[in-house]
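Please read the structure below before turning to the comments.
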Amino acid sequence: MAGTRRAIDGPRRRRRDRHGRGLRGPLLPSTVPGARTRAERFDDLVLDAVELLERRWAEDLAGVEFAVEDVPPSDPAPWEEGGVPMGRLFPADGSSPPRVVVYRRPLETRAQEGELEDLVADVVVEQVAHLLNLTPEEVDPRYRGD
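Per full-length UniProt numbering, residue 1 is the first one in the sequence shown, and the count goes up by one each step.
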């Protein structure tokens, strides 16, 4: 078989992709932070609001869990009238601690340009106030309520 050359020890290795360019490297250098998604930025807003409250109410919020979910479940709680909830408090139940859940999509939909941070903070304050059996203004004097 003259003119035919074949590797005997195994399949041929490709050194280039199908377009003839070399292998691709990383999209971003390891020293540059990648772009954050809307959900990650929203999580950061909730964490910032919780950190501000924990400075003042650290002892009262010691066992409380805070969470973010995209949308509320379709079954409303008995005390929720009409509209879509933006946050919900789940009281302690047996071995599970109290839990404050903030719903991302309803808040993003309701927030006007540039006011998402304030709206998130207000919802967190309202839920913590409900948990501590206080008014939102007592929990955080910056509460603006709507």
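The C-beta atom is built at its ideal place from N, Cα and C for all residues, glycine as well.
Here the structure is a predicted model, which means the values were calculated and not measured.
Around the C-beta of ASP140, 16 or more other C-beta atoms lie within 10 Å, and the residue is accordingly described as buried. Just so you know, the alpha carbons of ALA121 and ALA49 end up roughly 5 angstroms apart.
Collapsing the DSSP output to three states places ALA129 in a helix. Between PRO85 and PRO91, the beta carbon gap of about 15 angstroms keeps them out of contact (Cβ cut-off 8 angstroms).
The three-state secondary structure of ASP93, taken from DSSP, is strand.
If you ignore the 5 residues before and after VAL125, its C-beta comes within less than 6 angstroms of the C-beta of PRO136, VAL139, ASP140 and TYR143, all in its own chain and listed in chain order. In the structure shown, ARG36 adopts coil according to DSSP, grouped into three states. Between the beta-carbon of VAL64 and that of ARG104 there is about 19 angstroms, and that puts the pair past the 8 angstroms contact cut.
For VAL68, the enclosing beta strand (DSSP E) covers residues 65-69. Close CB contacts of VAL102 within its chain, under the 8 angstroms cut and outside five residues either way in sequence, are with VAL46, PHE66, ALA67, VAL68, GLU69, MET86, GLY87, VAL120, VAL123, VAL124 and GLN127 (chain order).
Residue pairing by DSSP places TYR103 opposite GLU69 in a beta bridge. Between ALA62 and GLU51, the alpha-carbon positions lie close to 12 angstroms from each other. Nearest Cα to PRO72 within the set SER96, LEU89 and GLU113: LEU89. Annotation: the continuous alpha helix (DSSP H) that includes PRO136 extends over 136-139.
Across the structure, PRO106 and PRO29 are spaced so that their CA atoms are roughly 35 angstroms apart.
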